[in-house]
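In this note's numbering, the protein residues as written are 12 to 595.
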């Protein structure tokens with residue numbers, strides 16, 4: 012970039028001897044014949060050397076040499092400009108990639124607490140829009156440091172060499188321009204923050220409307236959703252118009268200030284040339300004025316960069332607010348790896364609460380022995396899902412401890428703990444990929460034979476074979492091309508393939524039709540054989556074979572026993588059972 016600056020000024024500098032030597036009387040031009048810094052000032056020595064060099068040749072030859080020098084100078088200048096743009100683009104995209112990767116990596120390290128309090132659209136907008144603004148501002152800043160300021164500094168030095176009084180006068184009136192530009196930049200940051208926040212809201216709205224399109228159509232809410240979206244985009248438009256107005260005014264304003272300065276210089280400098288009171292010759296004054304005018308574009312770019320940096324700062328505050336969040340569930344420095352599960356999982360006086368809630372689990376004491384099927388039932392909101400989320404350590408209890416084989420979970424590495432577990436969640440999570448890839452998710456280089464075997468155990472093989480491309484059929488976003496029962500069986504096949512010693516089944520059959528439930532239940536029974544299983548279910552028909560049933564209410568365990576034992580007692584379990592079968 013510095014080479015670009017030097018070549019740019021060098022190309023312009025050749026105009027002076029061209030004017031004074033070629034197009035004026037050669038005798039009027041100074042000619043020292045030597046270049047010695049001890050004699051006179053730098054300007055006189057440099058210009059004298061140029062005069063002398065060109066004056067040795069006939070005017071036609073001198074003109075040819077000047078033309079060649081200018082052509083070569085501008086060629087080199089534009090070659091350096093090309094490489095500068097190429098390297099800048101590569102650096103910018105590299106920064107964009109690295110920052111997005113860093114944010115994405117950080118998000119996957121955060122605990123579930125974080126995601127419960129934020130919309131997906133906010134995080135998506137953060138990674139796509141805010142990161143782009145940060146990168147643009149950094150690149151603009153780098154370009155400004157290595158291109159525009161050197162141009163302005165070198166040009167200012169040259170102006171001082173030619174006429175220090177006139178240049179000093181110019182510098183004394185420029186702070187006013189800087190003050191005005193600074194005020195504009197502050198407003199720009201404010202509206203940029205508003206714009207990014209509104210963009211996040213719209214991204215969330217798009218995500219929700221696409222994900223919920225079936226419900227929207229079922230309730231004839233298309234018009235409402237369209238109006239809601241258009242209302243938000245109108246607000247975004249108004250914010251952007253204000254942002255654009257503020258962003259656009261600074262550049263022409265700085266250019267106009269520069270032109271006013273150039274006009275003042277032209278008047279006073281020109282009068283000095285006419286009255287022969289100026290220390291500069293006509294050619295030198297043209298050079299002075301040319302250098303001054305050539306500074307307008309770099310100054311204009313510096314102003315634009317200053318505004319871009321303000322927008323980048325606003326985006327950076329949002330991004331680094333996320334990066335500064337620390338994961339709540341962390342491995343301790345002395346955490347150990349466990350390779351297998353041999354005894355029991357024990358809850359000892361466990362209590363838990365989310366950020367802004369009261370305790371959702373209160374003084375839980377529970378022992379789950381190896382090989383047991385433990386069912387957890389209770390009304391909605393009783394804490395069932397929260398209880399099982401503590402087992403793979405998605406959260407840590409606020410009081411008490413959970414131990415696996417007499418080792419506190421907080422002293423076990425999370426990866427090794429979760430390697431022992433297979434989880435089929437209440438909301439089946441599938442990816443927009445092939446059936447085989449979804450079954451093999453989490454298993455590196457899973458063999459096709461193993462995937463097919465897992466699908467057969469999960470009662471999924473037959474319907475998969477009937478798909479258009481079998482196991483290589485793309486199932487759409489969240490498995491939208493499959494029915495609820497089919498999605499559930501794919502998730503079960505995934506757990507079968509992992510072959511874990513501990514299973515967590517979170518309401519795995521609660522939303523299925525009877526036929527699908529039967530197929531899924533058969534698959535689950537096969538899956539749970541010789542494994543420790545923790546099952547959450549609303550349908551009592553699915554838990555009759557459980558070794559132990561835990562009944563929860565308002566975050567507490569109110570009953571524990573087998574199916575028949577609990578049914579023979581007057582309590583919550585019997586009431587829930589009778590209520591469910593009364594509704595059949």
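Idealized CB from N, CA, C, for every residue including glycine.
Return the bridge partner residues of residue 445 from the DSSP annotation. The residue given as residue 445 occupies position 434 in the chain shown. Partner(s): 485.
Going by beta-carbon coordinates alone, are residue 430 and residue 354 separated by less than 8 Å? The residue given as residue 430 occupies position 419 in the chain shown. The residue given as residue 354 occupies position 343 in the chain shown. No. Outside cutoff.
Compute the Euclidean distance between the alpha carbons of residue 168 and residue 182, then round it to the nearest angstrom. Residue numbering aside, residue 168 sits at position 157 when the chain shown is read from its first letter. Residue numbering aside, residue 182 sits at position 171 when the chain shown is read from its first letter. The straight-line gap from Cα to Cα measures roughly 12 Å.
Residue of 228, 229, 222, 216 minimising C-alpha distance to residue 240: In the chain shown, the residue the question calls residue 240 occupies position 229. Checked all of 228, 229, 222, 216; the closest Cα to residue 240 is 216.
Check residue 570 in the structure and name its three-state DSSP category. As a working note, residue 570 is residue 559 in the chain shown. Correct three-state label for residue 570: strand.
Taking 8 Å as the cut-off, decide whether the C-beta atoms of residue 358 and residue 376 are in contact. Along the chain shown, one-based indexing puts residue 358 at 347. Along the chain shown, one-based indexing puts residue 376 at 365. Yes, these two residues count as a Cβ contact at 8 Å.
Is any non-hydrogen atom of the ligand MN found closer than 7 Å to the C-beta of residue 474, if you look at the structure I gave you? This structure does not include the ligand MN; it has no bound ligands of any sort.
Neighbourhood of residue 273 by C-beta distance below 8 Å, restricted to the same chain and skipping five residues each side: Position 262 of the chain shown, counted from the first residue, corresponds to residue 273. So the qualifying residues of the chain are 300, 303, 304, 307.
Between the alpha carbons of residue 559 and residue 384, how many angstroms are there, rounded? Residue numbering aside, residue 559 sits at position 548 when the chain shown is read from its first letter. Residue numbering aside, residue 384 sits at position 373 when the chain shown is read from its first letter. Cα to Cα, residue 559 sits roughly 7 Å from residue 384.
When you compare each of 346, 526, 317 to residue 151 by their alpha carbons, which one comes out closest? As a position in the chain shown, residue 151 is number 140, starting the count at 1. Among 346, 526, 317, the Cα nearest to that of residue 151 belongs to 317.
Which partner residues does residue 414 have in the DSSP bridge list? Walking along the chain shown from the start, residue 414 turns up at place 403. DSSP output for residue 414 lists 357, 419 as bridge partner(s).
Mind checking residue 190: buried by the 16 CB within 10 Å criterion, or exposed? For this step, residue 190 is matched to residue 179 along the chain shown. Classification for residue 190: exposed.
Can you find at least 3 beta carbon pairs, one from the region 571–585 and one from the region 406–426, that sit closer than 8 Å? no
Per the DSSP calculation, residue 386 is bridged to which residue(s)? In the chain shown, the residue the question calls residue 386 occupies position 375. 546, 560, per the DSSP bridge assignment.
Do residue 362 and residue 378 have their beta-carbon atoms positioned less than 8 Å apart in this structure? Taking the first residue of the chain shown as 1, we reach residue 378 at position 367. Taking the first residue of the chain shown as 1, we reach residue 362 at position 351. Not in contact: residue 378 and residue 362 (Cβ atoms no closer than 8 Å).
Tell me, which residues are paired with residue 251 by DSSP? Working through the chain shown from its first residue, we reach residue 251 at position 240. Per DSSP, none; premise fails for residue 251.
Kindly confirm or deny that the region 135–142 and the region 224–238 touch, where touching means at least three C-beta pairs closer than 8 Å. no
Going straight from the alpha carbon of residue 41 to that of residue 292, what length do you get? Position 30 of the chain shown, counted from the first residue, corresponds to residue 41. Position 281 of the chain shown, counted from the first residue, corresponds to residue 292. Interpretation of residue 41 is limited by its pLDDT of 48, a score under 50 that renders its predicted location unreliable; the figure taken from the coordinates is listed afterwards. The straight-line gap from Cα to Cα measures roughly 11 Å.
When you compare the region 502–514 with the region 446–463, are there three or more beta-carbon pairs, one atom per stretch, that lie closer than 8 Å? yes
Going by other Cβ atoms of all chains shown within 10 Å of its Cβ, with 16 needed for buried, is residue 133 buried or exposed? One-based indexing of the chain shown puts residue 133 at position 122. Buried, by the Cβ-count rule.
Host beta strand (DSSP E) of residue 184 (start-end): In the chain shown, the residue the question calls residue 184 occupies position 173. Unbroken run through residue 184 is the alpha helix (DSSP H), 175–184; no beta strand (DSSP E).
Between the region 116–127 and the region 197–208, are three or more C-beta pairs nearer than 8 Å? no
Proximal residues to residue 276 (C-beta, below 8 Å), its chain only, five neighbours per side dropped: Translated into positions along the chain shown, residue 276 becomes position 265. So the qualifying residues of the chain are 177, 181, 299, 300, 303.
May I have the straight-line CA-CA distance separating residue 121 from residue 542, to the nearest angstrom? For this step, residue 121 is matched to residue 110 along the chain shown. For this step, residue 542 is matched to residue 531 along the chain shown. Roughly 30 Å separates the two Cα atoms.
Along the chain, where does the alpha helix (DSSP H) that runs through residue 310 open and close? For the purposes of this step, residue 310 is taken as the residue at position 299 of the chain shown. Element bounds for residue 310: 307–334.
Closest to residue 423 by CA distance: which of 212, 404, 433, 441 is it? Reading the chain shown from its first residue, position 412 is the one you call residue 423. The option with the nearest alpha carbon to residue 423 is 404.
Nearest CA to the CA of residue 496: which residue from 337, 479, 472? Stepping through the chain shown from its first residue, residue 496 is reached at position 485. With distances taken between Cα atoms, residue 496 lies closest to 472.
For residue 546 and residue 457, the rounded distance between their alpha carbons: Taking the first residue of the chain shown as position 1, residue 457 is located at position 446. Taking the first residue of the chain shown as position 1, residue 546 is located at position 535. Going from the Cα of residue 457 to the Cα of residue 546 covers about 27 Å.
Using alpha carbons as the reference points, say which of 263, 112, 270, 210 lies closest to residue 246. Position 235 of the chain shown, counting from 1, holds the residue named residue 246. For residue 246, the nearest C-alpha among the options comes from 210.
Going by other Cβ atoms of all chains shown within 10 Å of its Cβ, with 16 needed for buried, is residue 499 buried or exposed? Taking the first residue of the chain shown as position 1, residue 499 is located at position 488. Result: buried.
What is the residue span of the beta strand (DSSP E) that residue 509 lies within? Numbered from 1 along the chain shown, position 498 holds the residue referred to as residue 509. Run containing residue 509: none in the beta strand (DSSP E); it sits in the alpha helix (DSSP H), 495–509.
Based on the DSSP secondary-structure assignment, which residues constitute the bridge partners of residue 277? Locating residue 277 in the chain shown gives position 266, counting from the first residue. Note: residue 277 sits in no beta bridge, so no partner.
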